[in-house]
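To start, the structure itself, in structure tokens.
Protein chains in written order, with my numbering: chain A, 1 to 329; chain S, 1 to 306; chain W, 1 to 381.
Written as structure tokens, this is what we have:
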């Protein structure tokens, strides 16, 4: 009981800090930190997606970069069509591009969800190390496709010259865009918290711990897992869409296996299966990159050491070491 | 298309496959015996190549460099096994993936720190340079032929090691029942270190051999690592036989795909479009192959546990 | 070696930062370049060339901040945001790769910053996408292959086998070659980006009956190709743009590259006083021969220094007008900007040779004199 409340307090503190830091930065005339906080929120969102599959579902996907990138490309492609006034296709009916974030998000989520449905149908037939590898293989497939397909920039990537719009808000002002991403992140966390405590969440955990019992009550573990995988991909895809708007640019880099590794790192640094784990992890990652990246060009070496230490000696991640006992194991 | 071209491409596929086998054998052995998924295997490949280039440049002899690559990669393997990997055997795959991902970062940046960002020079030894004439008018690089021979020798050596030696018996025992070999009084920690170092040494050897015809630079191990994973997944994780078969399959499919797909698309598309689409598909081909294999056999073609 | 240079340059940058703030009308330059990961050799050379010019000028009003983009577009964008919003730089420069340039440049120039490219020259920024705040002090991506196409035609090559990675720059380069090459194509092959084994392609070359092989395989891909090509016994002459045969990379390719003809807008033996001085001082400073990337970095810094001597950087229009004059002594000889603010420059044919223990290039002659890129006509400036 005590542990749970300690984690809750910690979560609130984390959310509050993330919300307040950009405003302090703004008052100090350091708008760059607003951008940095936006990145934290977006990375955290990508992590929240993976954490659902990984922490709750026990599905170790090494291919979430695929969904991150697909979300990003959905935005990039639609926006570039809208900015160039070229419809996607004109027969049988005309489909124009758009620069409205709400529509773009919806499309990004649907497309990454569909991709996850297909990938999931194949890969969820396997388990363990096969699952890790096949998700990686699918991500690589999409990565190479993106590099060699010339229509949308290939390796060069695709620029979005103007950040897409949100009803009633000027998204070009950094703090406004931060507030939008922060809002999306909180909604996603709320969704995951609700899912976790629902019948669905219970079934998912049962599927992880004892498949036979679940089958005995007439629920197919495969379906539960597939649904989880798809929702997880949709959240990560939404993060990709926001990332595209943050950078006003998408590239195959978003699809590379390093990105999959990094999203996993956010989850693990914060604490696997913890609701706010990805938020803490993404914040740590960005802080680390910002501080050590300025000191030495070999900062990745030290990131490796820290990551290794966390995996070997601090298994609960940041939230675990601050809030104690692992909740889901 | 002439017969000579086709034969040369087949040889290329086999050579590429055997090179992958050197990588995949270590990976699959480590997974089969210790149940460990090791992403840092590509770093050991890189260590081998760098050791070979550094020693060969210093001594002037490729062969000493080749010996050094085996020794350096095996030593690096033994060290990381003792310091890090050993703590991961009882962890879940997630921890293994992350810890070995961390090792990649450490190895890559560490190597860059020591050797700088420019590629190192490593050339094919005098003895093996140039082409050789084979039957049917085929001209083929001696060095690539030598790689084929070395690959075959390693495959044969591994077969003998596993079926005919005490170490092999222990390894097989470890694959089928880990608790049992401990009960037999075998020093399991030493066995694990030896197996890991053996796999590392093979990866280092592959790195050095390939380094001489490709380039010795930081990050060279990662693309090969992913291919090696594709190989062992297709072959069935833990099975040496599967990894040999998977390697050859991947090597041949990749080489032939790159060679034949663009011409295939030219049959019904305009040429520049066809080369573009053909090469795009060729670069995805082995991943498609892997997905297809797993649809039919979710545990690979030669699953060790089957 | 690399580390020492980095520390040196870092200290230099730092001291300049401190000194720069004290004076009137200071200019702050933000350099985003690739210092770690694949291809960092190019970024290191641009940085070292740039800092050499800064050091020689000893202008205390110029300060430079340098950051590593690790060749990641998203990181480059982030650094650009930081430099513009937080460091408040006046000029941005440094990017090596076209895809990173496309991610950073359009929004940087739209925010009123001047960007001077020390390497990347994507066609989009040379044609319709040209911008008064964007200057290219290196080359447009198509320039060198165009020159090689012209050279091949003039030297009687009639059947070329051309090969490049399957990505936009690869296609641009092959199109550049085809634009000036008049013979027929034996085959046009696109390989996977980052591919290291070219056995399948070399087999096709052997069977093709071509009289020349034009390659564009930057970085490690070129090293791998040349070594394997030399081993294969195929002896069709290889042609290419300078990227796979430049100073930084040649030592790793070794003897396999000897005799290869390549086109470049600079070589260390060009007979200009400024070039001799540059080569000698670069060698004295860093203990290695400069590459064409170092020259581009050097010229970029020289451009900034020449303009700031005559105009206030805050008066963007006046500053741009000074930049456009190119009042510098470039190791490349006389340079001129076209309407799209890309260089009109002479492109030479070089041949890879061995001097003592070092592999390097000698200039064979001029490929195209005062060459301008093909996209300038699309630029409404």
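C-beta atoms are modelled at their ideal positions from N, C-alpha and C, and glycine is treated no differently.
Since residue i contacts residue j with CB under 8 Å, what's their CB separation in whole angstroms?
i	j	result
residue 310 (chain A)	residue 304 (chain A)	So it is not a contact: roughly 11 Å between Cβ atoms.
residue 203 (chain S)	residue 104 (chain S)	Between residue 104 (chain S) and residue 203 (chain S) the Cβ distance is about 13 Å, and since that is not below 8 Å, they are no contact.
residue 193 (chain A)	residue 59 (chain A)	Not quite, the Cβ-Cβ distance comes to about 19 Å (not below 8 Å), so this is no contact.
residue 224 (chain S)	residue 42 (chain S)	6 Å
residue 44 (chain A)	residue 185 (chain A)	6 Å
residue 193 (chain S)	residue 78 (chain S)	6 Å
residue 229 (chain S)	residue 133 (chain A)	5 Å
residue 258 (chain A)	residue 109 (chain S)	Contact doesn't hold; Cβ gap of about 13 Å is too wide.
Output the boundary residues of the alpha helix (DSSP H) element that contains residue i.
i	result
residue 41 (chain S)	41-59
residue 277 (chain S)	271-296
residue 33 (chain S)	3-34
residue 68 (chain W)	Not the alpha helix (DSSP H): residue 68 (chain W) falls in the beta strand (DSSP E), residues 62-68.
residue 367 (chain W)	Looking at the DSSP string, residue 367 (chain W) is not in any alpha helix (DSSP H); the run it does join, the beta strand (DSSP E), is 358-371.
residue 133 (chain W)	Premise fails: residue 133 (chain W) is in no alpha helix (DSSP H) and is neither H nor E.
residue 99 (chain A)	Neither: residue 99 (chain A) is in no alpha helix (DSSP H) and is coded neither H nor E.
residue 154 (chain S)	142-164
residue 200 (chain W)	199-208
residue 124 (chain W)	123-126
Can you say whether residue i is buried or exposed, counting buried as having 16 or more other CB atoms within 10 angstroms of its CB?
i	result
residue 21 (chain W)	At residue 21 (chain W) the pLDDT is 40, less than 50, meaning the model places this residue with poor confidence and gives no usable figure here.
residue 153 (chain S)	exposed
residue 62 (chain W)	buried
residue 1 (chain W)	Annotation note: pLDDT 36 at residue 1 (chain W) (below 50); position unreliable, coordinate value reported separately. The residue is exposed, with fewer than 16 neighbouring Cβ atoms inside 10 Å.
residue 67 (chain W)	buried
residue 284 (chain W)	exposed
residue 334 (chain W)	exposed
residue 331 (chain W)	buried
residue 24 (chain W)	In this predicted model, residue 24 (chain W) has a pLDDT of only 47, less than 50, meaning its place in the structure is not dependable; the value taken from the coordinates is given anyway. Exposed, by the Cβ-count rule.
residue 9 (chain W)	With a pLDDT of 45 at residue 9 (chain W), under the threshold of 50, the modelled position of that residue is not reliable, and the figure given next carries that caveat. Its Cβ being crowded by 16 or more others within 10 Å, residue 9 (chain W) is buried.
residue 321 (chain A)	exposed
residue 189 (chain S)	exposed
residue 140 (chain W)	buried
residue 188 (chain W)	buried
residue 381 (chain W)	exposed
Using a Cβ-Cβ distance cut-off of 7 Å, determine whether residue i contacts chain C.
i	result
residue 80 (chain A)	Absent here is chain C; the protein component of the structure consists of chains A, S and W.
Going by beta-carbon coordinates alone, are residue i and residue j separated by less than 7 Å?
i	j	result
residue 48 (chain A)	residue 188 (chain A)	yes
residue 36 (chain W)	residue 80 (chain W)	no
residue 41 (chain A)	residue 266 (chain A)	no
residue 174 (chain S)	residue 47 (chain S)	no
residue 201 (chain S)	residue 73 (chain S)	yes
residue 119 (chain S)	residue 217 (chain S)	yes
residue 41 (chain W)	residue 117 (chain S)	yes
residue 307 (chain A)	residue 102 (chain S)	yes
residue 242 (chain S)	residue 196 (chain S)	no
residue 152 (chain W)	residue 196 (chain W)	no
residue 123 (chain A)	residue 70 (chain A)	no
residue 143 (chain W)	residue 109 (chain W)	no
residue 217 (chain W)	residue 359 (chain W)	no
Should residue i be counted as a contact of the ligand NAP given a C-beta to heavy atom distance under 6 Å?
i	result
residue 23 (chain A)	Ligands in the displayed structure: none, and consequently the ligand NAP is not present.
Along the chain, where does the beta strand (DSSP E) containing residue i start, and where does it finish?
i	result
residue 29 (chain W)	27-33
residue 127 (chain A)	Run containing residue 127 (chain A): none; DSSP gives neither H nor E here.
residue 262 (chain W)	261-264
residue 350 (chain W)	343-355
residue 119 (chain S)	No beta strand (DSSP E) contains residue 119 (chain S), which DSSP labels as neither H nor E.
residue 240 (chain W)	238-241
residue 171 (chain A)	Counting along the chain, residue 171 (chain A) falls outside any beta strand (DSSP E), and DSSP gives it neither H nor E.
task: Assess, as a yes-or-no matter, whether the stretch 113-124 of chain W is touched by the stretch 93-101 of chain W under the definition of 3 or more beta carbon pairs within less than 8 Å.
output: yes
- request: Taking 8 Å as the threshold, find out whether the stretch 227-240 of chain S comes into contact with the stretch 241-249 of chain W through three or more Cβ pairs.
  value: Not touching, per the Cβ criterion.
- request: Count the CB pairs spanning the stretch 80-89 of chain S and the stretch 137-147 of chain S that are closer than 8 Å, and state whether there are at least three.
  value: no
Any 3 or more C-beta pairs closer than 8 Å across the stretch 277-290 of chain S and the stretch 249-257 of chain S: yes
- prompt: Can we say the stretch 192-206 of chain A touches the stretch 42-57 of chain A, given the rule of at least three CB pairs closer than 8 Å?
  reply: yes
message: Across the stretch 228-237 of chain W and the stretch 169-187 of chain W, are there enough close Cβ pairs to call them in contact, namely three or more that are closer than 8 Å?
response: Judged by Cβ distances under 8 Å, the stretch 228-237 of chain W makes no contact with the stretch 169-187 of chain W, as fewer than three pairs qualify.
- prompt: Per the contact definition of three or more C-beta pairs closer than 8 Å, is the stretch 347-361 of chain W in contact with the stretch 254-265 of chain W?
  reply: yes
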